[in-house]
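A.B. asks: Quick note on numbering: the sequence shown equals residues 6 to 387 in the working numbering.
Below you'll find the structure I mean.
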Amino acid sequence: MARPLSYTQISLYQACPLSYKLQYIDGLRPKDKWYFSFGSTLHLCAEYLFKVKVPPPPSLEALLDFYEAKWLSQGYESAEEEAKYRAYGREILTRFWEIHHPAFRMPLAVEHLFYIDVEGVKLRGYIDRVDKLESGGLSIVDYKSSQNLFTVDDLSQDLQLTLYQLAVQQIWQLPVERLTLYHLRSNTPCSCGPREPAQLEAARRLVLTVAENIARGEFPAVENQYCPCDFPEYCPYYRHQYLAAGPGPVKQGVLPGLVAAEAVEEYVALQSEIKELESRLDELRQVIIDFCQAEGINRVFGEEHAVTYKMTEKTGFDEEAVRALLEPVGLWPQVLGLDPARLRQLLNDEGVAGDIRNRIQALKQVVATFPRLSVRKLTKEE
Ligand code: SF4
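Structure (structure tokens):
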């Protein structure tokens with residue numbers, strides 16, 4: 006039986022399947038980071054304020070005492086940095102208390118652990134808060150301790166809220182009417198209406214696809230904005246640095262007598278030489294063409310070589326004319342083919358139904374593989 010999936014796991018798999026595997030299958034532990042410690046403590050405190058059996062909620066003093074007791078020190082780079090964030094957290098929570106204490110209403114659920122079934126795949130998670138609205142519908146609140154406030158796009162695309170809506174509807178059998186990302190640092194709730202059925206369906210399909218890929222053992226490394234992650238020594242994009250740093254000789258590269266690192270530098274140097282040569286070649290070509298055209302001649306002689314200049318024609322067919330000829334005799338379909346550039350255009354066309362575009366996307370498959378090298382200048386830190 007496959008392990009339940011959580012939003013965090015799904016989004017990590019989406020960002021980089023290998024990183025998911027290293028963390029959740031191989032059991033490697035990511036490094037402590039101050040922002041995880043900070044976020045966890047704030048989450049615990051928000052839970053503490055709302056998770057009461059009966060009102061009133063805890064006093065500000067009790068909340069701040071709880072905060073001090075639950076403070077996590079892991080991941081801070083210095084005592085000064087930790088003290089700065091500790092004081093900042095007190096400010097955030099004081100404001101949080103000032104906003105929520107006077108208007109306190111008992112939530113329906115706080116830090117609610119759920120397990121739901123998505124067509125045979127178990128999905129699990131913790132929902133920060135679920136409120137019952139006066140209309141009888143439900144409101145889902147997810148606290149975020151990230152630095153930046155969310156954009157409208159963040160809110161409308163947030164997968165976590167979409168999955169939580171799926172869960173809440175299944176658990177309480179009541180309509181979800183509001184979704185909120187609550188920005189803790191600025192104490193700003195950003196809300197929107199519930200997800201439409203198509204977005205819920207797309208999230209369901211995503212859960213199934215990720216589960217299927219995991220079951221098939223598909224864990225390619227995919228570079229993304231968070232690279233390098235905490236496990237670069239296991240990643241094909243970064244492992245070479247660790248091979249080179251290890252004991253013993255560096256492995257030989259593909260060129261005889263050259264280690265791979267030397268091949269890299271020579272490859273880049275040659276590439277830039279080729280670029281310069283190509284640009285000089287273009288200049289000379291133009292000089293010869295200009296000379297031939299100015300003098301009305303077709304051949305220029307050097308000491309040992311001659312270059313011939315000739316205008317060549319590229320032929321093509323007028324589509325409408327060909328169609329007018331072939332369509333009446335039923336041969337037009339035989340000359341039609343798939344134009345990948347036009348298909349890409351169609352996939353980006355908002356005017357085409359999302360369902361059709363999704364189905365075309367699902368038909369995408371690898372038709373050929375070939376090696377490709379791309380060059381990047383290393384930063385000082387690297
Ligand atoms: S460093 Fe490698 S394994 Fe880690 S996230 Fe990037 S591509 Fe994935």
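Built from N, CA and C at the ideal position, the CB exists for glycine as well.
Quick one: does the C-beta of Leu23 sit closer than 7 Å to a heavy atom of ligand 1?
C.D. replies: Within the cutoff, so yes.
A.B. asks: With contact counted as at least three CB pairs below 8 Å, one residue from each stretch, are the region 136-146 and the region 174-186 in contact?
C.D. replies: yes
A.B. asks: What number of angstroms, rounded off, separates the C-alpha of Glu288 from the C-alpha of Leu282?
C.D. replies: It is roughly 10 Å from the alpha-carbon of Glu288 to the alpha-carbon of Leu282.
A.B. asks: Name the two residues that bound the continuous alpha helix (DSSP H) containing Cys50.
C.D. replies: First-last of the alpha helix (DSSP H) with Cys50: Trp39 to Phe55.
A.B. asks: Inspect the beta-carbon positions of Lys137 and Leu189 and report whether they are closer than 8 Å.
C.D. replies: no
A.B. asks: What does the alpha-carbon distance come out to for the pair Ser151 and Val264?
C.D. replies: Linking Ser151 to Val264 through their CA atoms gives a straight-line distance of about 44 Å.
A.B. asks: Is it true that the CB of Ile15 sits closer than 8 Å to the CB of Val215?
C.D. replies: For Val215 and Ile15, yes; Cβs fall inside 8 Å.
A.B. asks: Determine the closest residue to Thr317 out of Asn303, Gly356 and Asp158, with distance taken between C-alpha atoms.
C.D. replies: With distances taken between Cα atoms, Thr317 lies closest to Asn303.
A.B. asks: Spatial neighbours of Val273 within its chain, please: CB distance less than 7 Å, with the 5 preceding and 5 following residues excluded, ordered by chain position.
C.D. replies: Val380
A.B. asks: With distances taken between CB atoms, is the gap from Asp159 to Asp147 smaller than 8 Å?
C.D. replies: no
A.B. asks: Can you tell me the Cα-Cα spacing of Trp337 and Glu325, whole angstroms?
C.D. replies: 11 Å
A.B. asks: Express the C-alpha separation of Leu54 and Tyr12 in angstroms, rounding to a whole number.
C.D. replies: 25 Å
A.B. asks: Would Ser42 and Gly80 be called neighbours here (beta carbons separated by less than 8 Å)?
C.D. replies: Closer than 8 Å, so yes.
A.B. asks: With C-beta atoms as the reference, is Thr156 less than 8 Å away from Leu205?
C.D. replies: 8 Å or more divides the Cβ of Thr156 from the Cβ of Leu205.
A.B. asks: Tell me which residue opens and which closes the beta strand (DSSP E) that Glu116 is part of.
C.D. replies: According to the DSSP assignment, Glu116 belongs to the beta strand (DSSP E) that extends over Ala114 to Val123.
A.B. asks: Can you tell me whether Leu348 is buried or exposed? The criterion is at least 16 other CB atoms within 10 Å of its CB, across all chains shown.
C.D. replies: exposed
A.B. asks: With distances taken between CB atoms, is the gap from Thr46 to Gly125 smaller than 8 Å?
C.D. replies: no
A.B. asks: Report, in whole angstroms, the separation of the C-beta atoms of Leu128 and Ala172, which I expect to be a contact under 8 Å.
C.D. replies: 7 Å
A.B. asks: Looking only at its chain, what residues have a beta carbon closer than 8 Å to the beta carbon of Pro194, apart from the 5 residues adjacent to it on each side?
C.D. replies: Val146, Thr185, Leu186, Tyr187 and His188
A.B. asks: Report all residues from its chain with a CB closer than 8 Å to the CB of Arg365; omit the five preceding and five following residues, and keep chain order.
C.D. replies: Note on identity: in this sequence residue 365 is Ile, with Arg being the wrong assignment. Excluding residues within five positions, the ones whose Cβ falls inside 8 Å are Leu348, Leu351 and Leu352.
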